[in-house]
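For the protein sequence lines, the chains are A and B, in the order given. According to this note's numbering, the stretch in the first sequence is residues 1 to 266, in order. According to this note's numbering, the stretch in the second sequence is residues 267 to 532, in order. C-beta: ideal position from N, C-alpha, C; glycine also. A quick write-up on the structure given underneath.
Protein chains: 2
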Amino acid sequence: MLIVKVGGGKNINWGYISEDLTSLIKKEEVVLVHGASSRRDQVAKKLGVPTRYVNSPSGYKGVYTDKKALEILSMVYAGLVNKSIVARLQKAGINAVGLSGVDGRIWEGKRKTNILSQENGKTKLIKNTFTGKVETVNTNLINLLIDNGYLPVITQPAISSDGELINTDNDRNIAVMAGALRVKKLVVLFEAPGFLKEPSDESSLLRKISKKDLPSLMRYAKGTMKKKVLGAIEAFEHGVKTVYWSDGRIKEPIRNALAGKGTMIK
Amino acid sequence: MLIVKVGGGKNINWGYISEDLTSLIKKEEVVLVHGASSRRDQVAKKLGVPTRYVNSPSGYKGVYTDKKALEILSMVYAGLVNKSIVARLQKAGINAVGLSGVDGRIWEGKRKTNILSQENGKTKLIKNTFTGKVETVNTNLINLLIDNGYLPVITQPAISSDGELINTDNDRNIAVMAGALRVKKLVVLFEAPGFLKEPSDESSLLRKISKKDLPSLMRYAKGTMKKKVLGAIEAFEHGVKTVYWSDGRIKEPIRNALAGKGTMIK
Chain A
1 MLIVKVGGGK
11 NINWGYISED
21 LTSLIKKEEV
31 VLVHGASSRR
41 DQVAKKLGVP
51 TRYVNSPSGY
61 KGVYTDKKAL
71 EILSMVYAGL
81 VNKSIVARLQ
91 KAGINAVGLS
101 GVDGRIWEGK
111 RKTNILSQEN
121 GKTKLIKNTF
131 TGKVETVNTN
141 LINLLIDNGY
151 LPVITQPAIS
161 SDGELINTDN
171 DRNIAVMAGA
181 LRVKKLVVLF
191 EAPGFLKEPS
201 DESSLLRKIS
211 KKDLPSLMRY
221 AKGTMKKKVL
231 GAIEAFEHGV
241 KTVYWSDGRI
251 KEPIRNALAG
261 KGTMIK
Chain B
267 MLIVKVGGGK
277 NINWGYISED
287 LTSLIKKEEV
297 VLVHGASSRR
307 DQVAKKLGVP
317 TRYVNSPSGY
327 KGVYTDKKAL
337 EILSMVYAGL
347 VNKSIVARLQ
357 KAGINAVGLS
367 GVDGRIWEGK
377 RKTNILSQEN
387 GKTKLIKNTF
397 TGKVETVNTN
407 LINLLIDNGY
417 LPVITQPAIS
427 SDGELINTDN
437 DRNIAVMAGA
447 LRVKKLVVLF
457 EAPGFLKEPS
467 DESSLLRKIS
477 KKDLPSLMRY
487 AKGTMKKKVL
497 GAIEAFEHGV
507 KTVYWSDGRI
517 KEPIRNALAG
527 KGTMIK
């Protein structure tokens, strides 16, 4: 089984991804996970509540998720983007089923009601947020769908043990999910050829990284890339053998990733 | 098996519905279908594209669904409202799984690209709409979930045979679905005690209606109630034995409906 996680950037080419998946799923079981950040930001802006960010004391950038932002997350991730991806896959002949982490408690975690954020050198307490971290995965539901010929297409939000919707991190969720499903390979597609030592320079691509060197990458990682590094570290802790970071804008993006043409981490 | 369809009005009490479902699902298999019209109208207005209506030459009111309205439909029905209902049911101990008609092609139909609308006594052609009518149902996926202890919670949009998202009518979808699943009882909950001969007068409730008298109800039915009458007529054509129209605002709404306290049609 393979987990393919696709970022929510606006240049991701879902046509190429679904084309690639049609042949891939004949040979391998796949679980697809996707983001929707660029559409979320668009809709949030139109609704007059632009996306705000928080910076954790440990240096990670996250989305500030109050009740309003949570509603926009549910709308855009689980509604607009998930259903449009599922329709596209269905059109390509793939029997996709879109789900959020809430459905059947696929992604269940703990809500962090209060979080700390660094702003202008000061640490601020932010109350009543709907963020959290996934801890358990409903592998029964995922396997049930796969065993019956469906491709699960999973996205935010997740659910807390108390039944609240929570915003969690896809890069970390796939690590937990890989552990639960005993998946050994993760493909992570985004808007770059792989891990770039210098984000603006595509020739600074690192083709191979040893998993023990992941922590040292943190100093080169910017923005959301830091969470990808963290997710990869956690994936190896959960028994994953290879993580592929690769380009979601090009033809045959998954095959390309698995062929080691992006960044391969072992 | 029982299909329960809940309208999208703002006074529907989902607390009472989920309470009622927790005991009901111990005795009977249930498929839940829901609307989200009031939240859709709210979000559409905030996004600057308020919901518009069309009036078919045969006298039915429908929602004008262009690309923009379709996106709002997907966001609000399959995202915002579906996931909030699923979370609420999960909190009540029901293992709910939310799906749109797109997922696994649960609701597949024909797209009507061009429709006619009556406006000020004139018939107008409206092009490029994303509406349609469900013709086939993926009963395998629904049964797979039910047989494994999940409660399917289904909503708009549906999918066309060409893989496009389409806006269809829940009242008519449950008729087709009942036929496919061989369901004999439909419970339809909304913001009234049942069928009122005079919509503003709750004492004009009709407690029992013979299915052969349904066509004659059309002259009393206003707005969306006309589609409910049409849906009921179609449900009987699909083998349904009893349709219950009842109040979604009160305690034990489903038990109340099944006890014949709303309108029972046989």
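Runs of the beta strand (DSSP E) lying entirely within the segment 49 to 108 of chain A, each at least 3 residues long, are 53 to 55, 61 to 63 and 96 to 100 in chain order. For glutamine 118 of chain A, the uninterrupted beta strand (DSSP E) segment begins and ends at 115 to 119.
According to DSSP, arginine 377 of chain B shares a beta bridge with B/Gly398. Taken in chain order, the members of the segment 149 to 174 of chain A whose beta-carbon sits within less than 8 Å of a beta-carbon on chain B are Tyr150, Pro157, Ile159, Asp162, Gly163, Glu164 and Leu165. In the three-state reduction of the DSSP assignment, aspartate 247 of chain A falls in the strand class. Threonine 168 of chain A and asparagine 55 of chain A have their C-alpha atoms roughly 15 Å apart.
Secondary-structure assignment with DSSP links leucine 496 of chain B through no beta bridge to anything.
In the displayed model, serine 426 of chain B falls within a strand according to three-state DSSP.
Across the segment 18 to 51 of chain A, CB contacts with chain B closer than 9 Å involve Val43, Lys46, Leu47 and Gly48, in sequence order along the chain.
Per the DSSP secondary-structure output, lysine 388 of chain B pairs in a beta bridge with B/Glu385.
Going by C-alpha positions, glycine 415 of chain B is about 33 Å away from glycine 8 of chain A. Among the CB atoms of chain B, one or more fall inside 7 Å of the CB of methionine 75 of chain A.
Nearest CB-CB separation between aspartate 103 of chain A and chain B: below the 7 Å threshold.
Distances from the alpha-carbon of methionine 530 of chain B to those of B/Lys451, B/Gly505, B/Asn361 and B/Val296 put B/Lys451 closest. Residue contact check for lysine 492 of chain B against chain A: no CB pair falls below 7 Å. One alpha carbon belongs to methionine 341 of chain B, the other to arginine 40 of chain A, and they sit about 11 Å apart.
Between alanine 444 of chain B and isoleucine 432 of chain B a beta carbon distance of about 20 Å is seen, past the 8 Å cut, so the two are scored as non-contacting.
Distance from the CA atom of alanine 353 of chain B to the CA atom of threonine 155 of chain A, rounded to whole angstroms, is 15 Å.
Shown here for glycine 93 of chain A: same chain residues with a beta carbon closer than 8 Å to its own, the five before and five after excluded, namely Thr22 in chain order. Excluding sequence positions up to five before and after aspartate 20 of chain A, its CB lies within less than 7 Å of the CB of Glu252, Pro253, Ile254 and Arg255, all in the same chain and listed in chain order.
Under the criterion of beta carbons closer than 8 Å, valine 134 of chain A and glutamate 164 of chain A do not qualify as touching, at roughly 13 Å. Aspartate 413 of chain B is positioned such that its CB atom lies no closer than 7 Å to that of glycine 98 of chain A.
Taking 7 Å as the CB threshold, valine 363 of chain B lines the interface with chain A. Chain order gives the chain B residues near alanine 87 of chain A as Val368, Ile425, Gly429, Glu430 and Leu431, where near means a beta carbon separation below 8 Å.
Between valine 419 of chain B and tyrosine 510 of chain B, the gap from beta carbon to beta carbon reaches 7 Å or more.
Measuring C-alpha to C-alpha distances from serine 383 of chain B to each of B/Gly325, B/Val315 and B/Lys349 identifies B/Gly325 as the nearest. Cα atoms of valine 495 of chain B and glutamine 308 of chain B: separation of roughly 26 Å, rounded to the nearest angstrom.
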